[in-house]
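So the structure is just underneath, and the comments pick up after that.
In this note's numbering, the protein residues as written are 87 to 339.
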């Protein structure tokens, strides 16, 4: 009898907790949507104080890394920034809402970076093996954009951005240009490249774009989120986390 009573109490408490969590989630999502429509997302991009490249502070403490994306979901209106009705459809589910605002922030960050054409990366970074090997995908060289303040005596951390050689092909059905950003660690004494990691890419396929978003925390931990989009569904492909160790190597967690 005591065992039965204990089980019933546990079930009751679990049920109450679930209702509370559901209610709390609904309130957070509603607040989140309102804030997005009022354009209240804060974007922190820093080159001075730490290694943080971009950290999107969503209202109600929702951030990209805190939301568990489903493997796939139906989506519409994700790209129609100037279409109010399509945008309204986009804001009707939380995952599209997060991606919509994240995309705008990422594009904004990418656009703020310039390319120093006198400092060119001596190789084409690997976006993905099959993408780099396929001529359909157009990947330009990467050029120096900036250096982040290092807190060690071993390496410096630099960011490189692709050139605009294939920019005119965006929207072309016969080719898919790739925008990307890559982090480079270099030995402070010899200036030799230690390691690199592509942290952002946007593949401009006409109807099925693919992209990777990122952020870097204050512990040099890089969070990467990969998505594929088609005309009907959005797909969350995977999340990857890398740590920059004391030697300047990108270690997968």
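Cβ coordinates follow ideal geometry from the N, Cα and C atoms, glycine included.
By the criterion of at least three beta-carbon pairs nearer than 8 Å, the region 196–207 is in contact with the region 246–253. The continuous alpha helix (DSSP H) containing residue 186 extends over residues 180–198.
Counting along the chain, residue 216 sits inside no beta strand (DSSP E); it lies in the alpha helix (DSSP H) bounded by residues 215–219. Here the alpha carbon of residue 299 sits roughly 18 Å from the alpha carbon of residue 305. When Cβ pairs closer than 8 Å are counted between the two stretches, the region 275–289 is seen not to touch the region 251–261, the count staying below three. Note that the region 205–212 touches the region 220–234; at least 3 beta-carbon pairs, one per stretch, sit closer than 8 Å. Contact annotation, residue 238 with residue 332: C-beta distance approximately 6 Å; criterion of less than 8 Å satisfied. Counting along the chain, the unbroken beta strand (DSSP E) around residue 308 starts and ends at 307–315. Membership of residue 231 in the beta strand (DSSP E) is indicated by the continuous run 228–234. By the C-beta criterion, the region 177–193 is judged not to be in contact with the region 207–222, since fewer than 3 inter-stretch pairs fall below 8 Å. DSSP places residue 225 outside any beta strand (DSSP E), giving it a letter other than H or E. Cβ atoms of residue 287 and residue 314 stay farther apart than 8 Å, at about 12 Å. In the DSSP assignment, residue 205 forms no beta bridge with any residue. Distances from the alpha-carbon of residue 252 to those of 302, 222 and 273 put 222 closest. For residue 161, the closest C-alpha among the options 322, 338, 302 and 339 is that of 322.
In this structure, DSSP gives residue 158 an extended state, which the three-state scheme calls strand. Straight-line spacing of the CA atoms in residue 337 and residue 211 works out to 17 Å.
When C-alpha distances from residue 318 are compared across 257, 308 and 295, the shortest belongs to 295. The C-beta distance from residue 330 to residue 339 rounds to 11 Å, too long to fall under 8 Å, and the pair is not in contact.
Considering only 224, 255, 273 and 256, the residue with the shortest C-alpha distance to residue 240 is 273. By DSSP's assignment, residue 252 forms no beta bridge with any residue. In this chain, the beta strand (DSSP E) harbouring residue 262 covers 262–273.
If you look at residue 277, you'll find it isn't in any beta strand (DSSP E); DSSP assigns it neither H nor E. DSSP places residue 152 within a helical segment (H, G or I) once states are collapsed to three.
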